[in-house]
Each structure stands twice: as structure tokens, then as C-alpha cells.
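As C-alpha cells, the structure follows; a few thoughts come after it.
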Amino acid sequence: MAEENKVKLLGFWVSPYVRRVELALKLKGIPYEYVEEDLKNKSSLLLKYNPVSKKVPVLVHNGKPLTESLVILEYIDETWKNGPPLLPQDPYKRAQIRFWASFVHQQLFETWLSVLKSDGEVQEKALKEVLEKLSALEEGIKNIFPEGIQIIEHENVGLLDIVMISVFGPYKVHEEVLGLKLIDPEKTPLLFSWLTALLEIPVVKDSLPPHEKLVGVLKFIRHNALNPTSA
Amino acid sequence: MGEVKVIGASLSIICCRIEWALKLKGVQYEYIQEDLRNKSPILLQCNPVHKKVPVLVHNEKPVAESLVILEYIDETWKENPLLPKDPFEKSTARFWARFVDEKFIPSAWAACCAQEHEQEKAVESAQELLGILDKLIEGKKFFGGETIGFLDLVVGSLPNWLKFMEELSGIKLFDAEKFPSFHEWATKFVEIPIIQEHIPMPEDLINYVNTAGLAKTILGSAAMANKK
């Protein structure tokens, strides 16, 4: 590919933050080179490009690094204008998308991680919080999808869809690992049909990590969290 | 360009960001002062998810979350742009804004509330991040370059907030000698008339906390015990 438009993505396959950037690049048809990082043995490239937090994803465009997945998604949208837009034009609609993307990315995901890493009363409390937040999201997106959701076309997949899929796309894995219902078609019908519609799109479905592999990793993370060994 | 309301709290270090942005762009607005211990139905209706200030209401449509509001303001009123045009520079500003809100503020807070045995490490972490901000502003008039930008508005109330937290907790974080560039920027920034009109002052924050008996709530009992 031409040197002037070279895109490199430093990532880690489990990370939903990385998956969302990859999906955005694929949806926009942007060619890129993917570098899988070993997070226990971070490469000099990663440490050079992200000295502040040393985390993935890092998008390197023409030698210039960008970090923070939501920042990267907006950068992709503003830089590559020929693919389908990830954000609407109208400032109010953009604000709604940004608000909910932040909500899913920070609030929902962090509480979800607490559910994964805890048990007993602590987990019960965290789970209650997740379900409350999912209800809030269900209510909130009624403004974004006023006519409900049946089919989503490839070119209409946007930033909020990408963030949602990166966190909750593998919801069946989460449900299997924890033995509980997360996305209930009766309690959150809009969220259920939203995820179902997104997962019909091949490039979106392919962005999910392999089911069994992710089950293994999440079980491992849960086990380590519940049985911490002193270093 | 339509009716603009800001639902805020005058001592909030976050709400002032919104007022500064609107003032810089010459936008008229009505300010609605919230009592955060007794939230109004308007606030609960406009921000049912987080129930927090600030909320911007433009033509009766509410926008919440300060960074989302700032971007909305910048995209709606084009005078005196807050964010650079270049996508990479814009992303850099956004990155640092998130850094301040998601890393620096929590870290400074943790340092001031830390229990004695964790204090040294917590202060070191917070100062490391302050050092990053210091380096960022080194040699520049504003974080936005020659004119006030997005990041200036995000960081703007922090020096006063740090003074307040330091007085409340007895922990020293913002050492002018260790962070000269940040100190220089802070001193000049607070003197700009538009900024000065809407900035929570450390003494007002302290008075409020002491009057309302909130010191323990803010610091936690452990930190109160450590207060020198």
C-alpha cells in the first residue's frame, strides 16, 4: 500500500476496544496491517507509540499514533470520508450517539467486568446494576431507533453499533460463562433485536472472537479474579 | 439560534466548562442553578440516566456529559472554534480531555483521600500525571495553541480544585516549582475575564464544604484521620 496512507493497528484479539477499531476499518474498507501484541511482553513499538498508558489499541496512520478506541473511531470517520459515515451529520444526533457510546464503553462495560470477576453478594449487586443500565440503554435508544430495528444495512452501521457489538456481540459467551441471561428478548427487546440485526451482517459477525476461545479466556479471567495468587 | 439553557451548579468544576464555551462563542443562555442535594424535576427529566450536571438544553433538547456537550457546542456554533480542524490534532485534544477526566482527576482525588500507608504511592501517581500535563503545556500559551481551546476548558478549573483539595486534605500535589509550565498557564488562565466570571474559587469551595459539613463525605473517614 502507498506509504502516504499506511495504517497499522496494534491490538490484542480479546480486547473489545481493539475489535471495535478493526470493525470500523473493515466497514470503511480501509486496508491496514494488524500487529498482535503479547500484553505480558509488550513490544517496543507499543511502548514507543503509547508511552502514557502502554495499552492497545494503537492506530498508527502515516507514522502518527492514536490511542483510546473512541477517539480512534472518530478519527477514522473524519479522515476517511469515502466509506459510510460512522456518525450522523446533525449535531444533536451526534451528541446522542456519543453519550450512549460513552455509556456502553465506560459504565456498562466496567460494571459487566465486575460481574465477571466476582461472586456471591458482590456479583449479585453488580449484576443488578448491569441489568438496570441495560434497561436505561433500552429506553435511551428508543430515540435513536424510533421505528424499532429489523434489518441494518452494512452501510448504516455506525459508531454506537460498533461499540455495542464490541462489548455485547459475544453476549452468548458471557451468558454461558456465567450461567445467566444477559440480553433477554422479553426484558430488553430493542437491545435483543439490535444485536440480532447487527450479527446478520457478515463483517460484523466475523469481528467476534471465536466462541470457544473466548469462553476459555473469560473463564480464565474469572478464575484468576476469584482466586488471586500473591505475586 | 434557539433557546439555550444550562442546568448547573456554581461550584461545579465541570459546569464552568460549558459556560466558558458558550461565552467564548457569544451564545446567550439561561442558567438554572441546581441544589445537588435536592435535585429538581427538570434535571431528573433532562438527565434521567446520570442525574448529574451539567446539562445543556437547546431548543428543549437536552445534552448531557460535559465532553459531549462541548463537542455539541463547537459543532452548533461555529465562531471561535474550540477543536482544531485537522483530524489528528482534534484527536489529540480529545485524547487529553479523556486523560484528564478518566485518569488525572480520579488519581488526584485518590491521592487526597488515601489512607496513610498508601499516601506516598498515590501522591506519586497523581504527580506523575500532573507532570504529563506540565510537559504538554510547556512553551505554549494555551493547550489550544495561540487561542483558548477544548483542552483549556477541560483543565481550566483544575488548579483551583487542586488548591481546594489540598487544603481539605492537607496533601500537597500542585507544586509550582515541580510544574512550572502548568503553574504559569494556570495563573494566566484564571485572569482572563470570561474565565474569571465562572470559575469556582478554592475559598468558596472550602466554605461550602465546611458549612455543609461535607468534608468527611468528600475525603472519607480515613483521610480525615490523616489530616494534618
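Chains A and B are the protein sequences, given in the same order.
Per full-length UniProt numbering, residue 1 is the first one in the first sequence, and the count goes up by one each step.
Per full-length UniProt numbering, residue 1 is the first one in the second sequence, and the count goes up by one each step.
We put the beta carbon where it would ideally sit given N, CA and C, even for glycine.
Exercise. For the segment 22–40 of chain A against the segment 76–96 of chain A, are there 3 or more C-beta pairs whose distance is under 8 Å?
Worked result: When C-beta atoms of the segment 22–40 of chain A are compared with those of the segment 76–96 of chain A, three or more pairs fall below 8 Å, so the two segments count as touching.
Exercise. What does F142/B pair with, by DSSP beta-bridge criteria?
Worked result: G145/B
Exercise. With burial defined as no fewer than 16 other Cβ atoms inside 10 Å of the residue's Cβ, what is the status of Y72/B: buried or exposed?
Worked result: buried
Exercise. How should T188/A be labelled, buried or exposed, when 16 other C-beta atoms within 10 angstroms of its C-beta is the threshold for buried?
Worked result: buried
Exercise. If we count the other Cβ atoms within 10 Å of its Cβ and call it buried at 16 or more, is G148/A buried or exposed?
Worked result: exposed
For this session: Within its chain, find whatever has a CB closer than 8 Å to the CB of F109/A; leave out the 5 residues flanking it on each side and keep chain order.
Result: Scanning its chain for C-beta atoms nearer than 8 Å, with the 5 sequence neighbours on each side dropped, one finds around F109/A the residues P16, V167, in chain order.
For this session: Please say whether P41/B and C15/B have beta carbons closer to each other than 8 Å?
Result: no
Exercise. Does F104/B get closer than 8 Å to chain A when you measure Cβ to Cβ?
Worked result: no
Exercise. Does any CB atom of chain A fall closer than 8 Å to the CB of K228/B?
Worked result: Low confidence applies here, because K228/B scores a pLDDT of 45, under 50, leaving its location unreliable; read the following figure in that light. No, K228/B does not count as interfacial toward chain A.
Exercise. Nearest chain B C-beta to F220/A closer than 8 Å, yes or no?
Worked result: no
For this session: Leaving aside the five residues before and after F104/B along the sequence, list all residues of the same chain whose C-beta is less than 6 Å from its C-beta, in chain order.
Result: L129
Exercise. Can you tell which of K163/B, G213/B, L56/B has the C-alpha that lies nearest to the C-alpha of C112/B?
Worked result: With distances taken between CA atoms, C112/B lies nearest to K163/B out of K163/B, G213/B, L56/B.
Exercise. So, does the CB of A21/B fall closer than 8 Å to a CB anywhere in chain A?
Worked result: no
Problem set entry | Residue range of the alpha helix (DSSP H) that includes H223/A | 211–226
For this session: Specify, as a first and last residue, the run of the alpha helix (DSSP H) that E118/B falls within.
Result: 116–137
Exercise. Helix, strand or coil for Q28/B per DSSP?
Worked result: coil
Problem set entry | Cβ of P41/B within 8 Å of any chain A Cβ | no
Exercise. How is the beta strand (DSSP E) around E3/B delimited, first residue to last?
Worked result: Counting along the chain, E3/B falls outside any beta strand (DSSP E), and DSSP gives it neither H nor E.
Exercise. DSSP puts P62/B in a beta bridge; with which residues?
Worked result: The partner list for P62/B (beta bridge, DSSP) reads V57/B.
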